[in-house]
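Visitor:
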Amino acid sequence: MNLKDSGVVHQPAELCTMRSAPRRNHRSTMCSLLMSDAHESVLQIPARPDASAYCAYGYHRRSDPPSASVAFNGECAEPLTGNYLLGNGNRNYSPVLMRFHSADPFSPFGQGGLNAYAYCLGDPINNIDPSGNMPLFSKKTSSSNSGKAQSYRTLMNLEGNALPMEIGWLDSAVKQGTAEVNEVKRKVDWKNIDSKDVSKHTKWVFTEDGRFFTATYELEGPNVTHPALANYARENFSARAGVVAAGALKIKGKSNYITNWSGHYRPSLSALKPVREFLAAIRIEAISMRFDD
Numbered sequence: 028m029n030l031k032d033s034g035v036v037h038q039p040a041e042l043c044t045m046r047s048a049p050r051r052n053h054r055s056t057m058c059s060l061l062m063s064d065a066h067e068s069v070l071q072i073p074a075r076p077d078a079s080a081y082c083a084y085g086y087h088r089r090s091d092p093p094s095a096s097v098a099f100n101g102e103c104a105e106p107l108t109g110n111y112l113l114g115n116g117n118r119n120y121s122p123v124l125m126r127f128h129s130a131d132p133f134s135p136f137g138q139g140g141l142n143a144y145a146y147c148l149g150d151p152i153n154n155i156d157p158s159g160n161m162p163l164f165s166k167k168t169s170s171s172n173s174g175k176a177q178s179y180r181t182l183m184n185l186e187g188n189a190l191p192m193e194i195g196w197l198d199s200a201v202k203q204g205t206a207e208v209n210e211v212k213r214k215v216d217w218k219n220i221d222s223k224d225v226s227k228h229t230k231w232v233f234t235e236d237g238r239f240f241t242a243t244y245e246l247e248g249p250n251v252t253h254p255a256l257a258n259y260a261r262e263n264f265s266a267r268a269g270v271v272a273a274g275a276l277k278i279k280g281k282s283n284y285i286t287n288w289s290g291h292y293r294p295s296l297s298a299l300k301p302v303r304e305f306l307a308a309i310r311i312e313a314i315s316m317r318f319d320d
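Residue numbers for the sequence shown, in the working numbering: 28 to 320.
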């Protein structure tokens, strides 16, 4: 749980895999608490006296040695140049130049915008761009104008009372090897999804921090639910708890299909929009299909 005070987020030390940075030397590895703002930009490590302040496009005077492995918008900074390799190395962003080093393949006629080198469509205050191709979300700030920044609505679990039992089902299935949970970060991760075995089914969730998780499980085993998958992603991958979209997927030949099938969340077909954008950013073209009760 985050404890917010005057726009600064103080996060517990036990969440070291999510918001704390391992600091290594030749003798040991230690975990440090990070203090970050609403955009997850790391402001300070309490164990160190120095603090960081960022310009709108992410430039800050780097300490020597670096105070943390993550910096602006919670992204990892390249230690030598201070640049950010967004989208798992998809594009190189320079906060000094306030632009990308390479053109966006989704520009100028796609969702990358008219300026193929622009960061966050020229609005880094309200937007973030984790993929390096397009802003997936608009972050709300703590200012009085925060209502102008839009964000995708998180879904409600309509069958929340069953969640503890469903979590147990998934944990048991993973341990027994009848279910597998993975995060899709790159195109190769998508290709590794086992979609040819007709005795298996694949569900997915898209979390509020723009991450895509899949659960492939045997149909004859316990049912794997979307809330249980989201909980597993939170506990094992340090994902955000909120779910923006959920459904099932199928790969047939070269065609990729995603549906809005989820009895627990019941998302609309329009909820799949950020999912298609995310998949497009990693070079996966997906076809949305409506699921009706």
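Cβ coordinates follow ideal geometry from the N, Cα and C atoms, glycine included.
Note that the structure is a prediction, hence the values are computed from the model and not measured.
Starting from Lys279, trace the beta strand (DSSP E) in both directions and tell me its first and last residue.
Guide: Val270 to Lys279 is the extent of the beta strand (DSSP E) around Lys279.
Visitor: Please classify Val215: does DSSP put it in a helix, a strand, or coil?
Guide: DSSP places Val215 in helix when its eight states are reduced to three.
Visitor: Based on the DSSP secondary-structure assignment, which residues constitute the bridge partners of Leu148?
Guide: BP columns for Leu148 are empty, so no partner.
Visitor: Indicate whether the contact test is met: 3 or more Cβ pairs, each with one atom in the segment 217–229 and one in the segment 186–199, closer than 8 Å.
Guide: Contact fails: fewer than three Cβ-Cβ distances are below 8 Å.
Visitor: Keeping to the same chain, check which residues put their C-beta closer than 8 Å to that of Val35; ignore five residues upstream and five downstream.
Guide: Legend: pLDDT at Val35 = 42, less than 50; position of this residue unreliable, no value from coordinates given.
Visitor: What's the C-alpha gap between Gly187 and Leu124?
Guide: Rounded to whole angstroms, Gly187 to Leu124 spans 47 Å at the Cα level.
Visitor: Using a 10 Å radius around the Cβ and a threshold of 16 neighbouring Cβ atoms, would you call Ser33 buried or exposed?
Guide: Here the model assigns Ser33 a pLDDT of 38, short of 50, so the residue's position is not dependable and the matter cannot be decided.
Visitor: For a test of the three-state rule: what should DSSP assign to Arg261, helix, strand or coil?
Guide: The answer is helix: DSSP assigns Arg261 an H, G or I state.
Visitor: Quick one: residues in its chain with C-beta nearer than 8 Å to the C-beta of His53, no 5 flanking neighbours on either side, listed in chain order?
Guide: Caution is warranted here: a pLDDT of 49 is assigned to His53, below 50, making its placement in the model unreliable, and the coordinate value is therefore given only provisionally. Taken in chain order, the list of residues that qualify is empty.
Visitor: Give me the Cβ distance between Asn100 and Ile155, rounded to the nearest whole Å; I'm assuming they're in contact under 8 Å.
Guide: Going by Cβ atoms, the distance from Asn100 to Ile155 rounds to 5 Å, so yes, they are a contact pair.
Visitor: Just to confirm my understanding: we take Gly159, look at its own chain, exclude 5 residues before and 5 after, and list those with CB closer than 6 Å. What are they?
Guide: So the qualifying residues of the chain are Leu113, Gly114, Asn117 and Arg118.
Visitor: Is it true that the segment 205–216 meets the segment 303–313, where meeting means three or more beta-carbon pairs spaced less than 8 Å apart?
Guide: Yes, since at least three Cβ pairs between the segment 205–216 and the segment 303–313 fall closer than 8 Å, the two stretches touch.
Visitor: I'd like to confirm the pairing. Which residues does DSSP put opposite Thr252 in its beta bridges?
Guide: Looking at the DSSP assignment, Thr252 forms no beta bridge with any residue, so it has no partner.
Visitor: State the DSSP-derived secondary structure class of Asp77, mapped to helix, strand or coil.
Guide: In the structure shown, Asp77 sits in coil (DSSP, three-state: anything other than H, G, I, E or B).
Visitor: How would you label Ile17, buried or exposed, when you count the other beta carbons within 10 angstroms and need 16 or more for buried?
Guide: The structure shown does not extend to residue 17, since the chain is modelled only from 28 through 320, so no value can be given for it.
Visitor: Between which residues of its own chain and Pro301 is the CB-CB distance below 7 Å, once the five residues before and five after are set aside?
Guide: The answer, listed in chain order, is Leu163, Tyr179, Phe233, Val271 and Ala272.
Visitor: With Val97 as the anchor, note down where its alpha helix (DSSP H) starts and where it stops.
Guide: Neither: Val97 is in no alpha helix (DSSP H) and is coded neither H nor E.
Visitor: Give the straight-line distance between the Cα atoms of Ala143 and Glu245, rounded to the nearest whole angstrom.
Guide: For Ala143 and Glu245, the distance between alpha carbons rounds to 44 Å.
Visitor: With respect to the beta strand (DSSP E) encompassing Met192, which residues constitute its N-terminal and C-terminal limits?
Guide: Not the beta strand (DSSP E): Met192 falls in the alpha helix (DSSP H), residues Leu190 to Gln203.
Visitor: Whose C-alpha, out of Thr243, Gly109, Leu148 and Pro122, is nearest the C-alpha of Val225?
Guide: The candidate whose alpha carbon is nearest that of Val225 is Thr243.
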